[in-house]
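Residue numbers (our numbering): 1 to 149. Only one structure is covered here, and it is reproduced in the block below.
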């Protein structure tokens, strides 16, 4: 039986704001920065988010269905590509501490759970390369979270 998060990631449903996966992926950079409720849908976790109500929490069944779905795999890959572009085009998050650091941790953890170590490590390495190119302005706590994610 499918859930709202599985439906969203396979293109068969919408998030709590009524957006489908394609609308989220097409969001402009300023909308990605200002909107607080998409990241939990694009990169779900088993843990409840402290962010907006209506955010999904993965069940064991959700994890299995997502891992077995080529549509969900494509959505997660497109999501990580979109967020990598966002982080490369924008530098406001390249500071000691920023709410985007929490988003990056979520992305890495979700990719590790749903797509595997290679996808998670590839995204983390892209982010670390961006940080290095900027002179390493991100604080040690965030870097540690990303390494442990």
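All residues carry an ideal CB built from backbone N, CA and C; glycine is no exception.
Three-state secondary structure assigned by DSSP to residue i
| i | result |
| --- | --- |
| residue 141 | helix |
| residue 33 | helix |
| residue 112 | helix |
| residue 120 | helix |
| residue 26 | coil |
| residue 1 | coil |
| residue 133 | helix |
| residue 15 | coil |
| residue 90 | coil |
| residue 128 | helix |
| residue 50 | coil |
Inter-residue Cα distance where the pair is residue i and residue j
| i | j | result |
| --- | --- | --- |
| residue 151 | residue 106 | The structure shown has nothing for residue 151, since the chain only spans 1 to 149. |
| residue 93 | residue 102 | 11 angstroms |
| residue 100 | residue 140 | 15 angstroms |
| residue 87 | residue 1 | 35 angstroms |
| residue 33 | residue 73 | 24 angstroms |
| residue 83 | residue 61 | 26 angstroms |
| residue 133 | residue 127 | 10 angstroms |
| residue 144 | residue 104 | 12 angstroms |
| residue 137 | residue 26 | 29 angstroms |
| residue 11 | residue 71 | 8 angstroms |
| residue 6 | residue 96 | 35 angstroms |
| residue 19 | residue 35 | 12 angstroms |
| residue 91 | residue 14 | 30 angstroms |
| residue 135 | residue 9 | 35 angstroms |
| residue 129 | residue 37 | 27 angstroms |
Short Cβ contact (8 angstroms threshold) for residue i with residue j
| i | j | result |
| --- | --- | --- |
| residue 69 | residue 111 | no |
| residue 66 | residue 114 | yes |
| residue 24 | residue 42 | yes |
| residue 21 | residue 75 | yes |
| residue 151 | residue 48 | Outside the shown range of the chain, which is 1 to 149, sits residue 151, and nothing can be said about it. |
| residue 30 | residue 89 | no |
Supposed contact pair residue j and residue i - C-beta distance, whole angstroms, cut 8 angstroms
| i | j | result |
| --- | --- | --- |
| residue 16 | residue 54 | 3 angstroms |
| residue 108 | residue 146 | 6 angstroms |
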